[in-house]
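Peer 1: Top to bottom, those sequences are chains X and W.
Here the numbering used here is used: the first residue of the first sequence is 1, the next is one more, and so on.
Here the numbering used here is used: the first residue of the second sequence is 1, the next is one more, and so on.
One structure, as structure tokens, below. Some questions next.
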Amino acid sequence: MPPYVGSGWAAVHHTHNLDPLLLAVWLLPLAGALALWAFGPQLRRGAGVLGTAVVFVCFALTLFDVRGAFGSPASGVGIGNAVPLVSWLPGFDFGLLWDPLALLWTLVITGVGGLIHLYSIGYMAGDKAQARFFAYLNFFVFAMLTLVLSDNFVGLLVGWGLVGLASYFLIGFWFYKPSAVAAARKAFVINVAGDVGLMFAIFVMFAATGSTTYADVFSHAGTLPQGVILTICIALFIACAAKSAQLPLHTWLPDAMEGPTPVSALIHAATMVTAGVYLIARCAPLWDASPDARALVGTIGALTALTGALLAIAQWDIKRILAYSTMSQIGYMIMGVGVGAYQAGILHFYAHAFFKALLFLGAGLVIHELGDEQDVRKMGGLRTRTPIAFIAMAIGTLAIIGFPGFSGFYSKDAVIYGVLERGYPALYAIAVITAGITGYYMFRMIFVTFYGRYRGDVPDAELGLAGRPPASAHGHHGAPRWLMEAPVIVLMVPSVIAGYVSIGGAGSLWMRYFKADFASQPLPAPPPPFSELASTLLVFAIVAAGVAVAYLRYGTAAAKEGAVARLRTEAARIPQPFVRAFYFDDLIDAVAVRPARALGNAFSRFVDPHVIDAGVTDVARIAGRLGRELRGIQTGLVRAYAFVVVGGAVVFIAYFALLRLPR
Amino acid sequence: MTSLPVDISNYVGLSAVIFFIGVAGVLTRRNPLIVLMSIELMFNAANLALIAFSRFWQNNAGHIFAFLVITVAAAEAAIGLAIVVVAFRRAKNVDVDEVAGLHG
């Protein structure tokens, strides 16, 4: 029996009456983006208010429509509603799918997204292009909703591409900075490589099943040959790796920090980069049918988590620390959903969306306060100067390292133990070690940023920073401070309590929420050698060790005293592989960029001048030659022209008179 | 007394003679006023032929067409004379062979 009979996919309830709330949730951000594009400059300050209001209205409408995601009571059981909207070819319908998974992502996108919009009003207050910024943000929300609400792979691909485009717009928002433009282009190109993977997956599944809707494709999952399923899964995972910054396609994410900080919080931490997690969870039937795909994705997720954590150790830019930490945490999520611990992986997405947005927004407060200074070596002692930022980042840090009682404690431990439960002890070991490194690098950031003495007035040379480009302030004035602090304070609450939904094991609210989405699969025969509680204690001990190392290196009174000299020597002593981010950029450069450039050079040297240009210039030369030869006919003499006219008339008449008239 | 029957060929012959006088004038004369007058001759030769054939075939279309030709001739004369005036002002000269600025 295929494993998916009886699971949720058989019970998708196709309804033909449109759900106006759902349509509004989906299309309002697009309307907001279009309005801001068209009338933004006239709205001035109102642009941010409009963009924010649109997203909050979407959030409210989503809350009103929660019940719809679980099927209408009148229609009996059903996990959701598929709403067909348009048919672009016979048999190819685009519709919306409203089910618990889509609901969860929509709530996070509009909820966290709304708070980040609100924060942006304050953060971007001094920027002249506010309207453009909010238009892009609203456009991103629309694209992301398209991605998660589509009921088929083609609609998913459309959303997948559009979020990449929105990300490109927003990374390169300050387009006068060459580094921002380069980062935007890099992100876009790598994301398009992922889009191609997704497209290839769609081709294969269409060839194999004749359909691109989730329900049809997944109903075939049990009967397709292993090779086909593995091919689809690998192609899908290429898309996930590019979008969610998994090895080896992660190199764009740290560079993406060139964008404004709210963008980093919304797109490059909370929502867009978790699209890969969504895709794997959505395609659970495919992964359940392919053990090889599970092992592959789980392994890459684990390695990504480890790599991100290791690289975060060596960063000095506060946003790059958080970027590598995001990469590491998404590695956890991908590992979780990859090995089949879907609920755990999604819970980590859910918790991470809050605490990572909180961390980024807190970092944004610091950066804003210091006039766009992002290097932690120039910070220090900010605990009293930016107390809200300190509390926010402290809560975020406790959540991300999995301190008991904070959201990350529930989600991360669930992922880590879920991996062991499903029979991947090696991945478990990597995950536990990574948790320890997470504790180290997060507390390193906290100690260096918020403790000790403020080093902003220490000359760059003394900190080993000589020769760096000057920071370009994006303009700070006008907006009241509470406008930025209010969303941060609001986000502190879910960063603590988001994990509580999973308390209670199999009977918890969280497990009941997804009971129809993921078929309960039997766990492999040998149960784990120790219980979840023992695993939690082990993880906690290792995290505590990591935190202790950070404290000894950066937190003690002696370390705080000699911080300037310490940081200078330490920056110089970071091993080369860490500085070069394990040579992934060089790898991609050698494998993809340089061959592509060589091909381009070859074309520009041979094909362009000798084939394409040659054709075009020959046409021009022939036309010119003809003109020069024939211009002699034009004498300019009126009588000559008259003679030609008369001669022509004579020839004409002679022709008809002599040859054509019937005799 | 009945009118003398005049054969159609007489009209056509007269028309042809007038027409070729006009053609010869256009081709040989260098004074633009004479050239314009020659063109008028050609128009009127055509009109004569049109009226003759119209009468011959008992069809009034030829009459109407002749009026059109007269209208066109008037317009042509107006424009032609304007051109001659402008050309004379520019070149102080009314020789059509001298007005050859459009040669290639």
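A virtual CB, placed ideally from N, CA and C, is assigned to each residue, including glycine.
To the nearest angstrom, report how far apart A281(X) and I503(X) are at their CA atoms.
Peer 2: Against the first sequence, residue 281(X) aligns to sequence position 281. Against the first sequence, residue 503(X) aligns to sequence position 503. Their Cα atoms are separated by approximately 21 Å.
Peer 1: Taking C-alpha atoms, which residue in V488(X), D460(X), G338(X), L491(X) lies nearest to V419(X)?
Peer 2: Residue numbering aside, residue 419(X) sits at position 419 when the first sequence is read from its first letter. V419(X) has its Cα closest to that of G338(X), out of V488(X), D460(X), G338(X), L491(X).
Peer 1: Would you say F88(W) lies against chain X (beta-carbon separation less than 8 Å)?
Peer 2: Along the second sequence, read from residue 1 onward, the residue named residue 88(W) stands at position 88. It does not; no Cβ of chain X falls within 8 Å.
Peer 1: For P524(X), collect the residues of the same chain with a Cβ closer than 7 Å to its Cβ; drop the 5 residues on either side in sequence, then sort them by chain order.
Peer 2: Mapped onto the first sequence, residue 524(X) falls at position 524. R422, G423, listed in sequence order.
Peer 1: At which residues does the alpha helix (DSSP H) containing D288(X) begin and terminate?
Peer 2: Locating residue 288(X) in the first sequence gives position 288, counting from the first residue. Segment 284-288, the alpha helix (DSSP H) holding D288(X).
Peer 1: If the cut-off is 7 Å on Cβ atoms, which residues from the segment 621-650 of chain X count as contacting chain W, listed in chain order?
Peer 2: Hits within the stretch, in order: R631, G632, I633, Q634, T635, G636, L637, V638, R639, A642, F643, V646.
Peer 1: So L41(W) and L81(W) are supposed to be a Cβ contact under 8 Å. How far apart are they, rounded?
Peer 2: Taking the second sequence and counting its residues from 1, the one referred to as residue 41(W) is at position 41. Taking the second sequence and counting its residues from 1, the one referred to as residue 81(W) is at position 81. No, L41(W) and L81(W) are not in contact; Cβ-Cβ is about 16 Å, not under 8 Å.
Peer 1: Is the beta carbon of R631(X) less than 8 Å from the beta carbon of V96(W)?
Peer 2: Along the first sequence, read from residue 1 onward, the residue named residue 631(X) stands at position 631. Along the second sequence, read from residue 1 onward, the residue named residue 96(W) stands at position 96. Not in contact: R631(X) and V96(W) (Cβ atoms no closer than 8 Å).
Peer 1: Let me know the beta strand (DSSP E) ranges lying completely inside the segment 90-148 of chain X, each 3 residues or longer, listed in chain order.
Peer 2: You should have 92-98.
Peer 1: Is it the case that the segment 257-266 of chain X contacts the segment 190-199 of chain X, given that we only count it when at least three CB pairs across the two stretches are under 8 Å?
Peer 2: No, the segment 190-199 of chain X does not touch the segment 257-266 of chain X.
Peer 1: With C-beta atoms as the reference, is D65(X) less than 8 Å away from L21(X)?
Peer 2: One-based indexing of the first sequence puts residue 65(X) at position 65. One-based indexing of the first sequence puts residue 21(X) at position 21. Closer than 8 Å, so yes.
Peer 1: Chain C partners of H103(W), CB-CB under 7 Å?
Peer 2: The displayed structure is made up of protein chains X and W, and chain C is not among them.
Peer 1: Here's the rule: buried if 16 or more other CB atoms are within 10 angstroms of the residue's CB, otherwise exposed. What is E485(X)?
Peer 2: In the first sequence, the residue the question calls residue 485(X) occupies position 485. E485(X) comes out buried.
Peer 1: Kindly indicate which residue of T449(X), R444(X), A558(X), G164(X) has the alpha-carbon position closest to the one of V366(X).
Peer 2: For the purposes of this step, residue 366(X) is taken as the residue at position 366 of the first sequence. When only C-alpha atoms are compared, the closest one is T449(X).
Peer 1: Pick helix, strand or coil for D375(X), following the three-state DSSP scheme.
Peer 2: Translated into the one-based positions of the first sequence, residue 375(X) becomes position 375. Reduced to three states, the DSSP call for D375(X) is strand.
Peer 1: Taking buried to mean at least 16 other C-beta atoms within 10 Å of its own C-beta, is N152(X) buried or exposed?
Peer 2: By 1-based counting over the first sequence, the position of residue 152(X) is 152. By the 10 Å Cβ count, N152(X) comes out buried.
Peer 1: Comparing C-alpha positions only, which one of V543(X), F139(X), D288(X), L61(X) sits nearest to T106(X)?
Peer 2: For the purposes of this step, residue 106(X) is taken as residue 106 along the first sequence, with counting starting at 1. The residue with the shortest Cα to Cα distance from T106(X) is L61(X).
Peer 1: Taking the alpha carbon of F188(X) as the reference point, which residue from I171(X), S150(X), F175(X) has its own alpha carbon closest?
Peer 2: Reading the first sequence from its first residue, position 188 is the one you call residue 188(X). It is I171(X).
Peer 1: Output the distance between the C-alpha atoms of A221(X) and G227(X), rounded to the nearest integer angstrom.
Peer 2: Your numbering for residue 221(X) matches position 221 in the first sequence. Your numbering for residue 227(X) matches position 227 in the first sequence. Roughly 12 Å between the two C-alpha positions.
Peer 1: Count the other C-beta atoms from every protein chain shown that fall within 10 angstroms of the C-beta of S531(X), then say buried if there are 16 or more, exposed otherwise.
Peer 2: Your numbering for residue 531(X) matches position 531 in the first sequence. The residue in question, S531(X), is exposed, as its Cβ has fewer than 16 Cβ neighbours within 10 Å.
Peer 1: Taking the alpha-carbon positions, what's the L599(X) to I612(X) distance?
Peer 2: The count along the first sequence starts at 1 and reaches residue 599(X) at position 599. The count along the first sequence starts at 1 and reaches residue 612(X) at position 612. Their Cα atoms are separated by approximately 16 Å.
Peer 1: Checking the sheet assignment: what are the DSSP bridge partners for N152(X)?
Peer 2: On the first sequence, position 152 is the one that residue 152(X) refers to. In DSSP, N152(X) forms a bridge with T213(X).
Peer 1: At what residue ranges does the segment 259-316 of chain X contain a whole run of the alpha helix (DSSP H), taking only runs of 4 or more?
Peer 2: As far as the segment 259-316 of chain X is concerned, its whole alpha helix (DSSP H) runs of at least 4 residues are 261-265, 275-282, 284-288, 291-313.
Peer 1: Should L567(X) go down as buried or exposed, given a rule of 16 or more other Cβ atoms within 10 Å for buried?
Peer 2: The count along the first sequence starts at 1 and reaches residue 567(X) at position 567. With 16 or more other Cβ atoms within 10 Å, it is buried.
Peer 1: How about A351(X) and A590(X): are their beta carbons less than 8 Å apart?
Peer 2: Residue mapping note: residue 351(X) aligns to position 351 of the first sequence, counting from 1. Residue mapping note: residue 590(X) aligns to position 590 of the first sequence, counting from 1. Cβ distance not < 8 Å, so A351(X) and A590(X) don't count as in contact.
Peer 1: Please classify W88(X) as buried or exposed, where buried requires at least 16 neighbouring CB atoms within 10 angstroms.
Peer 2: Locating residue 88(X) in the first sequence gives position 88, where the first residue counts as 1. When all chains shown are included, W88(X) counts as exposed.
Peer 1: Can you give me the start and stop residues for the alpha helix (DSSP H) that F64(X) sits inside?
Peer 2: Taking the first sequence and counting its residues from 1, the one referred to as residue 64(X) is at position 64. Looking at the DSSP string, the run of the alpha helix (DSSP H) that includes F64(X) is 46-64.
Peer 1: DSSP three-state label for V99(W), please.
Peer 2: As a first step, residue 99(W) must be located in the second sequence, where it is residue number 99. Three-state DSSP puts V99(W) in coil, outside helix and strand.
Peer 1: Is the beta carbon of Y583(X) sitting closer than 8 Å to the one on L361(X)?
Peer 2: Residue 583(X) sits at position 583 when you count from the first residue of the first sequence. Residue 361(X) sits at position 361 when you count from the first residue of the first sequence. For Y583(X) and L361(X), no; Cβs fall outside 8 Å.
Peer 1: For F403(X), tell me which candidate among P528(X), A284(X), V543(X) has the shortest Cα-Cα distance.
Peer 2: For this step, residue 403(X) is matched to residue 403 along the first sequence. Out of P528(X), A284(X), V543(X), V543(X) has the C-alpha closest to the C-alpha of F403(X).
Peer 1: Please determine, among Y641(X), I330(X), A293(X), the residue with the shortest C-alpha to C-alpha distance to H268(X).
Peer 2: By one-based count along the first sequence, residue 268(X) stands at place 268. The option with the nearest alpha carbon to H268(X) is I330(X).
Peer 1: Is it right to say I653(X) is buried, meaning 16 or more other beta carbons lie within 10 angstroms of its own, or is it exposed?
Peer 2: Against the first sequence, residue 653(X) aligns to sequence position 653. By the 10 Å Cβ count, I653(X) comes out exposed.
Peer 1: Could you tell me whether any Cβ in chain X is nearer than 8 Å to the Cβ of V96(W)?
Peer 2: Here residue 96(W) corresponds to residue number 96 of the second sequence, with the count starting at 1. True, the Cβ-Cβ gap to chain X drops below 8 Å.
Peer 1: Could you tell me which chain X residues have their CB closer than 8 Å to the CB of V84(W), listed as they occur along the chain?
Peer 2: Working through the second sequence from its first residue, we reach residue 84(W) at position 84. None at all; the shortest Cβ gap to chain X is about 11 Å.
Peer 1: Going by alpha carbons, who is nearest to Q130(X) out of W98(X), L104(X), L43(X)?
Peer 2: As a position in the first sequence, residue 130(X) is number 130, starting the count at 1. If we check each option's Cα against that of Q130(X), L43(X) comes out closest.
Peer 1: Note down, in chain order, every chain X residue with its Cβ under 7 Å from the Cβ of P23(W).
Peer 2: The sequence position of residue 23(W) within the second sequence is 23, counting from 1. As written in the sequence, residue 23(W) is Val, which differs from the Pro given in the question. Result: V646.
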